[in-house]
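**Q** Residue numbers (the working numbering): 3 to 169.
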Amino acid sequence: MYNSFVIIISVFFSLQTYVWAQESNDLGTYGDWQATFWNEGGGICTMMTIPKKEEGKYTKRGEVYAQVVKNMGTKDTGVVNFSAGYTFKENSEVNIKIDDKHSFILFTNKSTAWTQTEKDDASLIKFMKLGNTMIVKGISSRGTNTKDTYSLKGFVAAYKAINKKCK
Numbered sequence: 003m004y005n006s007f008v009i010i011i012s013v014f015f016s017l018q019t020y021v022w023a024q025e026s027n028d029l030g031t032y033g034d035w036q037a038t039f040w041n042e043g044g045g046i047c048t049m050m051t052i053p054k055k056e057e058g059k060y061t062k063r064g065e066v067y068a069q070v071v072k073n074m075g076t077k078d079t080g081v082v083n084f085s086a087g088y089t090f091k092e093n094s095e096v097n098i099k100i101d102d103k104h105s106f107i108l109f110t111n112k113s114t115a116w117t118q119t120e121k122d123d124a125s126l127i128k129f130m131k132l133g134n135t136m137i138v139k140g141i142s143s144r145g146t147n148t149k150d151t152y153s154l155k156g157f158v159a160a161y162k163a164i165n166k167k168c169k
């Protein structure tokens with residue numbers, strides 16, 4: 003059920019990009035993270051960042067980012083997802099490591115990676131709040147290994163901003 007929810011959110015985001023560009027409100031830049039409120043439906047808050055470093059022997063790659071999404075009026079901690087900028091190898095997993103201490107495995111769907119459950123989202127967010135650096139490793143449908151290094155500087159402040167707006 004959670005996987006279906008994630009897929010629905012993924013499709014929703016891809017279809018709404020243009021509309022959201024017209025209806026977004028900047029909540030601020032916090033360190034390396036940008037927080038935004040989207041006036042769509044009941045309201046959606048996002049926070050996102052791009053990697054500080056991208057590694058891999060690829061020839062072409064699309065947009066790469068990490069994102070936390072929170073819907074207005076929900077009590078969850080938010081949904082974490084990653085866009086690889088390429089289509090993942092079918093049935094592959096993404097490995098995340100925060101400060102070389104805390105590891106997570108995410109499932110892939112086309113060009114995005116997601117946690118398995120809301121509890122996993124909460125745990126990942128907990129360690130993102132405590133961490134400094136996050137490494138995300140994946141493999142493309144062509145067999146290319148990638149390693150993206152993200153800064154977690156400003157994560158806590160951006161997370162507070164989206165939770166304040168999307169209570």
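For every residue, glycine included, the Cβ atom is placed at its ideal position computed from N, Cα and C.
For asparagine 134, name the three-state secondary structure that DSSP assigns.
**A** The answer is coil: DSSP assigns asparagine 134 none of H, G, I, E or B.
**Q** Does the region 25-40 come within contact of the region 158-167, defined as at least 3 CB pairs closer than 8 Å?
**A** Touching, yes, given that three or more Cβ pairs across the two stretches are closer than 8 Å.
**Q** With a cut-off of 8 Å, do at least 3 Cβ pairs link the region 138-155 to the region 87-97?
**A** Because the criterion of three Cβ pairs below 8 Å is met, the region 138-155 and the region 87-97 touch.
**Q** Helix, strand or coil for glutamate 25, going by three-state DSSP, please let me know.
**A** Reduced to three states, the DSSP call for glutamate 25 is coil.
**Q** Quick one: Cα of tyrosine 152 to Cα of alanine 37, how far?
**A** Roughly 16 Å separates the two Cα atoms.
**Q** Please list the segments of the alpha helix (DSSP H) lying wholly inside the region 82-131, counting only runs of 4 or more residues, in order along the chain.
**A** Complete alpha helix (DSSP H) runs here, min 4: none at all.
**Q** Assign valine 158 to one of three DSSP states: helix, strand, or coil.
**A** Looking at valine 158 - three-state DSSP - the assignment turns out to be helix.
**Q** Using only alpha-carbon positions, find the residue among Thr110, Thr79 and Lys131 that is nearest to aspartate 101.
**A** For the residues Thr110, Thr79 and Lys131, the minimum Cα distance to aspartate 101 belongs to Lys131.
**Q** Should the region 72-80 be regarded as contacting the region 118-125, the criterion being three or more beta carbon pairs within less than 8 Å?
**A** Yes, the region 72-80 is in contact with the region 118-125.
**Q** Using alpha carbons as the reference points, say which of Tyr60, Thr51 and Lys139 lies closest to glutamine 69.
**A** Residue Thr51 is the option with its Cα nearest to glutamine 69.
**Q** Can you give the Cα-Cα distance for threonine 114 and phenylalanine 84, rounded to whole angstroms?
**A** Distance between the alpha carbons of threonine 114 and phenylalanine 84 is about 5 Å.
**Q** Starting from serine 153 and walking both ways along the beta strand (DSSP E), at which residues does that stretch end?
**A** Looking at the DSSP string, the run of the beta strand (DSSP E) that includes serine 153 is 147-153.
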